[in-house]
Amino acid sequence: MKHRTIIEPFKIKVVEPLPMRTVEERERILAEVGYNLFGLHAADVTFDFLTDSGTSAMSAEQWGAMMVADESYAGSRSFYRFEQVVQRVTGYRHVIPTHQGRAAEHLLFSLRCKPGQLVPSNNHFDTTRANLEQLGVEAVDLVCAEGRDPTLDHPFKGNMDVGRLEAFLLEHRGRVPFVMMTITNNTGGGQPVSLENLRAVSSTCKAHGIPLLLDACRFAENAWFIKVREPGQGERSARDIARDVFATADGCLVSAKKDGLVNIGGFIALREDSWLGDLRNKLILTEGFPTYGGLAARDLEALAVGLDEVLDERYLAYREGVTRYVADGLSRCGVPTMRPPGGHAVYIDARALLPHIPAHEFPAQALAIELFRAEGIRSCEIGSVMFGRTPDGGFRPAALELVRLALPRRVYTQAHFDYVLEGIADIAARREQLRGVRITYEPPFLRHFTARFAPV
Ligand code: F0G
């Protein structure tokens, strides 16, 4: 093969300046926001790896489609175009637009769940968990054992433990309204689920007469991993694989802000019509008329184009290549990451990098602060700041101290990533000098969004 480099499969038509601040400016800004990166103005962030959600760069074709959108309140042409694409990509007949993923969750859960029920998943994402729990429903994680070991190299660490699912459905007979599978498994590090595992979960659910729903916001990345990692799938198209994945389930909830390649949007798609009437009625109450569901028609147009573009295999190969490039680059400079890299993010193991900072001084938060101070990189702590508070306000170290670098789609080039890697290598070389932080203010729940810190 002549070329080793995986190039960006696009050229750039519209650009925006990359914000650049000096280290001194960033030190002042950090003190002002109490060392909480959620408090930053994005204009002060050079590389924004806070999330891959809603941060994609859209294509010329998507922007063009937005211009020709039909903004009619009812029966918009743009809705039918969007509906057709979702039907073609998923194979499901019924399509309900929502303004984003959690709106879809709230809508469906509030109609299908009752207090005291239980909903298993490989791992629930925060918002599916929270939307279930606020209805009095227990959200249960049944990811496979491999998925719980951050250092283990395994192709499908997002898989469900089917044995545990079977036992769970027997034990809680009559109390499980549906089973969920998150593809890719965000909470577990963006790890994929194999087609084989989805089929096994599907037949277990069928045997118990329980519907299976996919939380499918990264369905294209998951399909790509199946193509390159699952025996017998390598010759098939990502599009066909995605269809097979959707065929294992009865419907899906999708935050289109990820693999929809749009900045806002979501949907529910269902095979059968039995839940449809209630859903549409509640949609009208909370989101909007069923042919726009909380979105402008131009958003539906952009999404219709995005859902097709994301299945382009040159794009998917590039997407996987970028994540791997960043993870491998970090390993080369001695920065341990969760293995193997998932689809949308690289997770730095801050406990392994900074063993001299104890859990109660928040090593992952300390690293996230230094990434911004020294290099203008915004990341997200997923460690004891996020998970270390006990219900009575005490402290219990989180299982893992991670810093997530979530990679926006089509936004940063390889030169950007090389620059980022040089910066992180420099931080890693002086890791012993990094100090922990203490909390000076915290709210009673979800403290990571608004807590304030001070260096120790
Ligand atoms: N499900 C998964 C697996 C997600 O990753 C997200 C969002 C949602 C549902 C909710 O979708 O934001 O459109 O309401 N994940 C973002 C992230 C926020 O940064 O991982 P939403």
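According to the working numbering, the sequence shown holds residues 7 to 462 in order. The beta-carbon is built from N, C-alpha and C at its ideal position, and this holds for glycine as well. Given the structure is predicted, the values throughout are model-derived calculations rather than measurements.
Does the beta-carbon of residue i have 16 or more other beta-carbons within 10 angstroms, so that it is buried, or is it exposed?
| i | result |
| --- | --- |
| F273 | buried |
| H422 | exposed |
| A80 | exposed |
| G271 | buried |
| T28 | exposed |
| Q140 | exposed |
| K233 | buried |
| F451 | exposed |
| H362 | exposed |
| T104 | buried |
| E407 | buried |
| S243 | exposed |
| K19 | exposed |
| G349 | buried |
| V74 | exposed |
| Y447 | exposed |
| L43 | buried |
| R10 | exposed |
| S280 | exposed |
| A37 | exposed |
| A222 | buried |
Please return the same chain residues whose Cβ sits closer than 8 Å to the Cβ of residue i, not counting the five positions on each side in sequence.
| i | result |
| --- | --- |
| E172 | T210 |
| V168 | N203, A206, V207 and T210 |
| V467 | Within the shown structure, residues of the chain are numbered from 7 to 462, placing residue 467 beyond reach of any answer. |
| V332 | P347, V352, L411, L413, F423, V426 and L427 |
| Y41 | Q371, I375, V443, R458, F459, A460 and P461 |
| R170 | L148 |
| R245 | V95, A229 and L317 |
Using DSSP bridges, identify the partner residues of residue i.
| i | result |
| --- | --- |
| H100 | L276 |
| L218 | V185 |
| I445 | F459 |
| C258 | L220 and A275 |
| P126 | V146 |
| M166 | V149 |
| A412 | A351 |
| N191 | Q197 |
| R384 | D54 |
| T343 | I354 |
| R395 | F401 |
The ligand F0G heavy atoms versus the CB of residue i: any closer than 7 Å?
| i | result |
| --- | --- |
| C339 | no |
| T134 | yes |
| T188 | yes |
| K3 | Coverage of the chain is limited to positions 7 through 462, which leaves residue 3 absent and any answer about it impossible. |
| A310 | no |
| C223 | yes |
| S127 | no |
| T61 | no |
| Q93 | no |
| R415 | no |
| A106 | According to the sequence as given, residue 106 is Gln; it is not Ala. At least one heavy atom of the ligand F0G is nearer than 7 Å to the Cβ of Q106, so yes. |
| F252 | no |
| G153 | no |
| F131 | yes |
| N192 | yes |
| G272 | yes |
| T57 | yes |
| A412 | yes |
With a CB to CB cut of under 6 Å and the five nearest residues on each side skipped, what residues in its chain are close to residue i?
| i | result |
| --- | --- |
| N269 | G60 |
| T456 | P449 |
| G429 | E381 |
| E152 | L158, H160 and K163 |
| P15 | R320, Y321 and Y324 |
| C339 | A431 and A434 |
| E67 | V311 |
Under 7 Å Cβ to Cβ from residue i, same chain only, skipping five residues before and after it: list those, please.
| i | result |
| --- | --- |
| R277 | Y98, R99, D256 and G257 |
| A109 | G272, E293 and G300 |
| T419 | E14 |
- Message: Three or more C-beta pairs under 8 Å: does that hold for the region 106-125 against the region 170-185?
- Response: Yes: at least three Cβ pairs fall under 8 Å.
- Query: Are three or more beta carbon pairs between the region 50-60 and the region 300-308 nearer than 8 Å?
  - Reply: Contact fails between the region 50-60 and the region 300-308, because fewer than three Cβ pairs, one in each stretch, are under 8 Å apart.
- Item | the region 284-295 contacting the region 249-256, beta-carbon criterion three pairs below 8 Å | At 8 Å Cβ cutoff, the stretches do not touch.
- Query: Are the region 92-99 and the region 310-320 touching by the rule of at least three beta carbon pairs closer than 8 Å?
  - Reply: As far as the Cβ criterion goes, the region 92-99 touches the region 310-320, which means the pair count is three or higher.
- Item | Given 8 Å, three or more beta-carbon pairs between the region 369-386 and the region 30-43 | The region 369-386 is in contact with the region 30-43.
- Contact between the region 189-199 and the region 344-362: three or more CB pairs below 8 Å? Because the criterion of three Cβ pairs below 8 Å is met, the region 189-199 and the region 344-362 touch.
- Touching by the beta-carbon criterion (3+ pairs, under 8 Å), the region 317-325 and the region 131-146: Touching, no.
- Evaluate the contact criterion for the region 215-227 versus the region 151-169: three or more CB pairs, one atom per stretch, below 8 Å. No: the two stretches stay apart, fewer than three of their Cβ pairs being nearer than 8 Å.
- Query: Quick check: the region 388-398 against the region 365-373, are there 3 or more CB pairs under 8 Å?
  - Reply: Yes, the region 388-398 is in contact with the region 365-373.
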